[in-house]
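Data first, discussion second: the structure below is written as structure tokens.
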Amino acid sequence: MATHQANPPVDSLVLYKNRPARVASVGEKIEIELDGDQSKRVRPKDVELLHPGPLRRLADLIPQEGELTEAWELLEGTETTLRDLAELAFDSFTPSTAWAVWERVAEGLAFVGTPSAIQVRSRELVERERAEREAKQTAEADWKAFLERMGASAPTAEDAKRLGEVERLALGRIEHSRILEALGHQSSPENAHRALVQVGYWLKNHNPHPLRCGATLVDPDLPVPELGTENARLDLTHLPAYAIDDEGNQDPDDALSLDGDRLWVHVADVAALVEAGSDLEREARTRGANLYLPEGVVNMLPAAITERLGLGLHEVSPALSFGFRCDEQGELRDIQVVASWVRVERCTYEGVETQLDQSPFAEMLAVVERFQSRRKANGASSLALPEVSVRVLDGRVTIRPLPRLRSRELVTNAMLMAGEVAARFCAEREIAIPFATQAPPDSGAEAEDLASMFARRRCFKPTRLAMTPEPHSGLGLPIYTRATSPLRRYSDLLVHQQIRASLAGRDLLGAESVHERVAEADVASKVIRRSERFSNQHWKLVFLRDHSGWKGEGVVVGIEDRKAVVLVPEIALETRIRFRDPVALNQRVRIALNEVDLPGLTASFRIL
Numbered sequence: 001m002a003t004h005q006a007n008p009p010v011d012s013l014v015l016y017k018n019r020p021a022r023v024a025s026v027g028e029k030i031e032i033e034l035d036g037d038q039s040k041r042v043r044p045k046d047v048e049l050l051h052p053g054p055l056r057r058l059a060d061l062i063p064q065e066g067e068l069t070e071a072w073e074l075l076e077g078t079e080t081t082l083r084d085l086a087e088l089a090f091d092s093f094t095p096s097t098a099w100a101v102w103e104r105v106a107e108g109l110a111f112v113g114t115p116s117a118i119q120v121r122s123r124e125l126v127e128r129e130r131a132e133r134e135a136k137q138t139a140e141a142d143w144k145a146f147l148e149r150m151g152a153s154a155p156t157a158e159d160a161k162r163l164g165e166v167e168r169l170a171l172g173r174i175e176h177s178r179i180l181e182a183l184g185h186q187s188s189p190e191n192a193h194r195a196l197v198q199v200g201y202w203l204k205n206h207n208p209h210p211l212r213c214g215a216t217l218v219d220p221d222l223p224v225p226e227l228g229t230e231n232a233r234l235d236l237t238h239l240p241a242y243a244i245d246d247e248g249n250q251d252p253d254d255a256l257s258l259d260g261d262r263l264w265v266h267v268a269d270v271a272a273l274v275e276a277g278s279d280l281e282r283e284a285r286t287r288g289a290n291l292y293l294p295e296g297v298v299n300m301l302p303a304a305i306t307e308r309l310g311l312g313l314h315e316v317s318p319a320l321s322f323g324f325r326c327d328e329q330g331e332l333r334d335i336q337v338v339a340s341w342v343r344v345e346r347c348t349y350e351g352v353e354t355q356l357d358q359s360p361f362a363e364m365l366a367v368v369e370r371f372q373s374r375r376k377a378n379g380a381s382s383l384a385l386p387e388v389s390v391r392v393l394d395g396r397v398t399i400r401p402l403p404r405l406r407s408r409e410l411v412t413n414a415m416l417m418a419g420e421v422a423a424r425f426c427a428e429r430e431i432a433i434p435f436a437t438q439a440p441p442d443s444g445a446e447a448e449d450l451a452s453m454f455a456r457r458r459c460f461k462p463t464r465l466a467m468t469p470e471p472h473s474g475l476g477l478p479i480y481t482r483a484t485s486p487l488r489r490y491s492d493l494l495v496h497q498q499i500r501a502s503l504a505g506r507d508l509l510g511a512e513s514v515h516e517r518v519a520e521a522d523v524a525s526k527v528i529r530r531s532e533r534f535s536n537q538h539w540k541l542v543f544l545r546d547h548s549g550w551k552g553e554g555v556v557v558g559i560e561d562r563k564a565v566v567l568v569p570e571i572a573l574e575t576r577i578r579f580r581d582p583v584a585l586n587q588r589v590r591i592a593l594n595e596v597d598l599p600g601l602t603a604s605f606r607i608l
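According to the UniProt record's numbering, the sequence shown is numbered sequentially starting from 1.
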């Protein structure tokens, strides 16, 4: 233990907080002189005697040339005192040589300890300590250079490992980053996003949301079996079939045919290649659905399946076809579900819209309108809120409003008809499938304007998948399942697998197995929905940021604490704007963009 002389003599050299000091006077307290002619009164225990003096002034402590390295080599592994080490290395014990020795002891490399007990460390320990210190100095210099590169927004390839920590925080995989805080930001995913863009590690438009939500961003890479030769398919190639989609659609999985007064809904026969329990089925289950991002699509199944089964991609396509008649009351009669061969022509909504007064589309429209009337009579809701298509091509964002076309309603209602047919087919045969159900909304009033539609949307309860058929209130259907998108959605594929197994006389999955599969896929589907919602918002904000002078029209759909909830139809964006003058629901207001916070996923506007 270090010892302290109760009353070091005047003009002695003492150690005070690792600094040399000269004792100027001694009393109840000791007055010491420090560098810079500073003086201080301290307690005796606050100082440690190094040399009794006399030392008239600190400036007399002059550098000494001695043989401390030789002394270390001579004494290696032993213990000595400050006096003995000074006399060995300098042939004298003076205030200057005492201070020179103590500076080496304070280094803590070759010598450690107290003035009365100095340990002379072994060569092995010294070399190890020296290597550690050099590594630390190198690391500190490297860290300083790294921060300088970050300040200059000039990261190098070797910085990727460090910035990977910040990226993990930006993606929500860790909660804290020392590097982010060193760059001047508090730890949060949004601040990590800002920092990564600021230093140039991420491009300014980088979309982190799919990975932050936990989505997979590559298509599955699994072998796809060949389509077997089946004689049990019904040949419907004599009926013209139309796959009606948005322009640019890459996964056509449904088409319509008319055979007299019978409407056929043909769906890509994905279950013909993806069997229950196969690697392909398990992969689709873990993904839940296709991920549709403005920058592209990530498929739940290998692209080769779409290439082989997409309707209209080949002269003849295999399908699972749902046939039915629709009576004057909109009820579906004479239902039929078959594996088939179909010949499909691909069309766009816009193209069909101009042909709705021509055969066969006019007759198809008449059929689905009867069905739609029945749904509305049963309380089906129709919320005509603005919808847009957001796409990114070569870094440029385009936002295209989706007009409310009768051709789109034609297809939507036809798909709902097929969903009712599939549900009835399975319920009548006690085939276990996930039925889509929805409880009635909290509010019963049907919405007529944007503000009431916006409010009513919040009254709806989520659709849930259940093992027993119950009504779907929002669709106005007593029984329903999703069955028209097996290329894109796992629950539809599962329905197809059960129906195909029933048609072929094969063993079916039980209700418990179906429920387990649905539950697993539902978790993945929630990831997909969050990824899509946040990504669309992200790219809308990129569009606004790139059009900093944007001005447009909004509709007041709500009022909350002196803020107007404004819906911007042309980009389908919801925002809140503080207002001075009173505003009314459904009032149209001119607004202008203030600023965009892309990492925070927000934009602010002002009313003009």
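Yeah, the Cβ is synthetic: ideal placement off N, Cα and C, and Gly gets one too.
Proximal residues to residue i (C-beta, below 6 Å), its chain only, five neighbours per side dropped
i    : result
F324 : L332, I335 and V421
V224 : P302, A304 and I305
V596 : L541, L544, R545 and A603
A592 : K551, R606 and L608
P441 : C459 and F460
Counted within 10 angstroms of its Cβ, other Cβ atoms place residue i as buried (16 or more) or exposed
i           : result
W539        : buried
P318        : buried
G554        : buried
R606        : exposed
V47         : buried
S25         : exposed
V352        : buried
residue 673 : In the structure displayed, the chain extends from 1 to 608; residue 673 sits before or after that span and is not available.
A2          : Confidence at A2 is low in this model, with a pLDDT of 44, below 50, so its placement is unreliable and the value that follows should be read with caution. Flag for A2 reads exposed.
H51         : buried
S177        : buried
L203        : exposed
Local conformation of residue i per DSSP, three classes
i    : result
I335 : strand
Y490 : helix
R41  : strand
P20  : strand
S531 : helix
Y242 : strand
T437 : strand
D597 : strand
F322 : strand
V274 : coil
Y292 : strand
F605 : strand
K461 : coil
H176 : coil
S317 : strand
D221 : coil
T348 : strand
S153 : coil
S389 : strand
S257 : strand
S359 : coil
T481 : coil
DSSP beta-bridge partners of residue i
i           : result
G552        : I591
K540        : Answer by DSSP bridge pairing: none, since K540 is not bridged.
residue 623 : Outside the modelled stretch of the chain, which goes from 1 to 608, sits residue 623, for which no answer is possible.
F111        : V120
L234        : S340
E33         : R22 and S39
Contacts around residue i, its chain only, beta-carbon distance under 7 Å, and the 5 residues preceding and following it disregarded
i    : result
R489 : A289 and R482
T78  : V120
A436 : T463, L465, H472, Y480, T481 and R482
P20  : L13, L58, L61 and W99
R123 : E76
Residue-chain proximity (residue i, chain C), Cβ-Cβ < 8 Å
i   : result
D46 : No chain C appears in the structure shown, which is made up of a single protein chain.
Cβ-based neighbour list, residue i, same chain, cut-off 8 Å, excluding 5 preceding and 5 following
i    : result
I559 : V565, V583 and L585
P516 : Note that residue 516 is Glu in the sequence shown here, rather than Pro. No residues qualify anywhere along the chain.
I431 : F425, Q498, I499, S502 and L508
L313 : P252, T306 and E307
Contact between the region 87-103 and the region 47-58 is defined here as three or more beta-carbon pairs at a separation below 8 Å; is this criterion met?
yes
Examine the Cβ distances between the region 527-534 and the region 184-192 and report whether three or more of them are shorter than 8 Å.
no
Does the contact criterion of 3 or more C-beta pairs under 8 Å hold for the region 277-285 versus the region 238-257?
no
Is the region 395-408 in contact with the region 448-463, if contact means three or more CB pairs nearer than 8 Å?
no
Check whether the region 108-115 and the region 68-85 are in contact - that is, three or more C-beta pairs closer than 8 Å.
yes
Examine the Cβ distances between the region 250-269 and the region 359-368 and report whether three or more of them are shorter than 8 Å.
yes
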